[in-house]
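In our numbering, the protein residues as written are 7 to 321.
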């Protein structure tokens, strides 16, 4: 079931008010909106039949999960997409991407700096983005490009496509996401072009990233960048996931193995200094990779499916 942003806000407000016992003043402060709007939305919830004595909506459980995750991991906002056994993975993934696109479109502001990583989830998000006009917004890559053979989820191509959707400006990262050797990576990192790209990436207002689990399913793995040798290195060095230009451990810290040293782009540690970091994920195999980012304070906004949410709560 698709849940609109206004409907989600209403469910979040009534859950905090009626089930958690928070005052309208506290809710207004947490949500960043005025008390009169809180009062109005509570009244609308009553009039629409969502609230009688309890909250009545099949999406309320997902909203409750989001609130619990916000509290547990000290996140600014968590959106959980309801799932059931009948929903196929691709349908759920589409709903996650569509929700993330709507959420992003509602948060856009003039002169905003947006940074993108890469992957199929972000590509799907941009597919769902509406056309808008924000000529003073700047979109830039957080990592190097993948290759011309895989343009659909290449970071430079994603940056171009989002900028096109927003009628905004963009920059590119003129280097590969994964260098052929650590020696080449070191040379590229010392170049002016890469230095400028990294500087731009580190000063974005909002970073939007996908997360991979190279131990199970990862775009790196599907593209053939991670083979048997690399999988052995990943297994031996305690890697739990990949995001931006890092393979990271259970605490959300970069594992400085041979593969990580070849990656070009910002590291997960850099995400801590970015004001807003939106992490998007779908599929139970992502749980082991998303939790470390939460523990490492590398995420402020989380958009996930219900199965991931339930698993994160249980840990």
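Glycine residues also receive a C-beta, built at the ideal position from the N, C-alpha and C atoms. Small disclaimer: the values here were computed from a predicted structure and weren't measured.
Please identify the residue among 199, 157, 279 whose C-alpha is closest to the C-alpha of residue 211. On the chain shown, position 205 is the one that residue 211 refers to. Closest in C-alpha terms to residue 211, from the list 199, 157, 279, comes 279.
Whole-Å CB distance - residue 255 paired with residue 220, under 8 angstroms assumed: Locating residue 255 in the chain shown gives position 249, where the first residue counts as 1. Locating residue 220 in the chain shown gives position 214, where the first residue counts as 1. Contact flag wrong, Cβ pair sits at about 12 angstroms.
Using the rule of at least 16 other Cβ atoms within 10 Å of the residue's Cβ for burial, across every protein chain shown, is residue 199 buried or exposed? One-based indexing of the chain shown puts residue 199 at position 193. Answer is exposed; the Cβ neighbour count stays below 16.
With distance defined between alpha-carbon atoms, name the residue in 314, 308, 320 nearest to residue 105. Within the chain shown, numbered from 1, the residue matching residue 105 stands at position 99. Out of 314, 308, 320, the CA that lies nearest to the CA of residue 105 is found in 308.
Please state if the CB of residue 44 and the CB of residue 85 are separated by a distance shorter than 8 angstroms. In the chain shown, residue 85 corresponds to position 79, counting from 1. In the chain shown, residue 44 corresponds to position 38, counting from 1. For residue 85 and residue 44, no; Cβs fall outside 8 angstroms.
For residue 47, does the three-state DSSP call read helix, strand or coil? On the chain shown, residue 47 is found 41 positions in, with the first residue counted as 1. Residue state, collapsed to three classes: helix.
Tell me the rounded alpha-carbon separation between residue 253 and residue 262. Counting from 1 along the chain shown, the entry for residue 253 is found at position 247. Counting from 1 along the chain shown, the entry for residue 262 is found at position 256. Looking at the two C-alpha atoms, the distance is approximately 8 angstroms.
CB-CB under 6 angstroms to residue 117, same chain, minus the five flanking residues each way: which ones, in chain order? Numbered from its first residue, the chain shown carries residue 117 at position 111. Around residue 117, the same chain offers 142 as residues with beta carbons nearer than 6 angstroms, after the five sequence neighbours per side are excluded.
Contact check, residue 191 vs residue 270, beta carbons under 8 angstroms: Counted from its first residue, the chain shown places residue 191 at position 185. Counted from its first residue, the chain shown places residue 270 at position 264. Contact flag set, yes.
Can residue 73 and residue 81 be called in contact, C-beta distance under 8 angstroms? Taking the first residue of the chain shown as 1, we reach residue 73 at position 67. Taking the first residue of the chain shown as 1, we reach residue 81 at position 75. Remark: C-beta atoms of residue 73 and residue 81 do not approach each other more closely than 8 angstroms.
Spatially closest choice to residue 110 from 23, 215, 70, 245, by CA coordinates: Locating residue 110 in the chain shown gives position 104, counting from the first residue. Nearest option by C-alpha distance: 215.
Just mark residue 97 as buried or exposed, buried being the case when its beta carbon has 16 or more other beta carbons within 10 Å. As a working mapping, residue 97 is identified with position 91 in the chain shown. Classification of residue 97: exposed, given that the 10 Å Cβ count is below 16.
May I ask which residues mark the beginning and end of the beta strand (DSSP E) holding residue 119? For this step, residue 119 is matched to residue 113 along the chain shown. Looking at the DSSP string, the run of the beta strand (DSSP E) that includes residue 119 is 119-122.
Buried or exposed: where does residue 234 fall if 16 or more other Cβ atoms within 10 Å of its Cβ makes it buried? As a position in the chain shown, residue 234 is number 228, starting the count at 1. Burial check for residue 234: the Cβ neighbour count within 10 Å stays below 16, so the residue is exposed.
Just how far apart, CA to CA, sit residue 167 and residue 147? Counted from its first residue, the chain shown places residue 167 at position 161. Counted from its first residue, the chain shown places residue 147 at position 141. Their Cα atoms are separated by approximately 12 angstroms.
Which residues bound the alpha helix (DSSP H) around residue 166? Within the chain shown, the letter at position 160 stands for residue 166. Run containing residue 166: 161-172, per the alpha helix (DSSP H) assignment.
Assign residue 234 to one of three DSSP states: helix, strand, or coil. Here the question's residue 234 lines up with position 228 in the chain shown. In the three-state scheme derived from DSSP, where H, G and I count as helix and E and B as strand, residue 234 is classed as helix.
Residue interval of the beta strand (DSSP E) (run including residue 146): The sequence position of residue 146 within the chain shown is 140, counting from 1. Residues 144-147.
For residue 180 and residue 187, I'd like the C-alpha separation in whole angstroms. As a position in the chain shown, residue 180 is number 174, starting the count at 1. As a position in the chain shown, residue 187 is number 181, starting the count at 1. Counting only the Cα atoms, residue 187 lies some 17 angstroms from residue 180.
Sequence-distant residues of its chain with Cβ nearer than 8 angstroms to residue 265 (five each side left out): On the chain shown, position 259 is the one that residue 265 refers to. Excluding residues within five positions, the ones whose Cβ falls inside 8 angstroms are 184, 232, 236, 239, 240, 253.
Looking only at its own chain, which residues have a Cβ that is under 7 angstroms from the Cβ of residue 41, when we skip the five neighbours before and after it? Here residue 41 refers to the residue found at position 35 when the chain shown is read from its first residue. 30, 31, 34, listed in sequence order.
Option in 282, 286, 291 with minimal Cα separation from residue 120: Here residue 120 is taken as the residue at index 114 of the chain shown, counted from 1. That would be 282, whose Cα lies nearest to the Cα of residue 120.
In the DSSP output, which residue or residues are listed as bridge partners for residue 39? For this step, residue 39 is matched to residue 33 along the chain shown. Looking at the DSSP assignment, residue 39 forms no beta bridge with any residue, so it has no partner.
I'd like to check one pair, residue 71 with residue 317: are the Cβ atoms closer than 8 angstroms? Taking the first residue of the chain shown as 1, we reach residue 317 at position 311. Taking the first residue of the chain shown as 1, we reach residue 71 at position 65. Residue 317 is not a Cβ neighbour of residue 71, given a cutoff of 8 angstroms.
For residue 175, which residues does DSSP report across the bridge? Counted from its first residue, the chain shown places residue 175 at position 169. DSSP lists 144 as the bridge partner or partners of residue 175.
Provide the residue(s) that pair with residue 182 in DSSP beta bridges, ordered along the chain. Counting from one through the chain shown, the residue named residue 182 turns up at place 176. Bridge partners of residue 182: 151.
Does the distance from the CB of residue 159 to the CB of residue 201 come in under 8 angstroms? Here residue 159 is taken as the residue at index 153 of the chain shown, counted from 1. Here residue 201 is taken as the residue at index 195 of the chain shown, counted from 1. Taking 8 angstroms as the cut-off, the Cβ atoms of residue 159 and residue 201 do not count as close.
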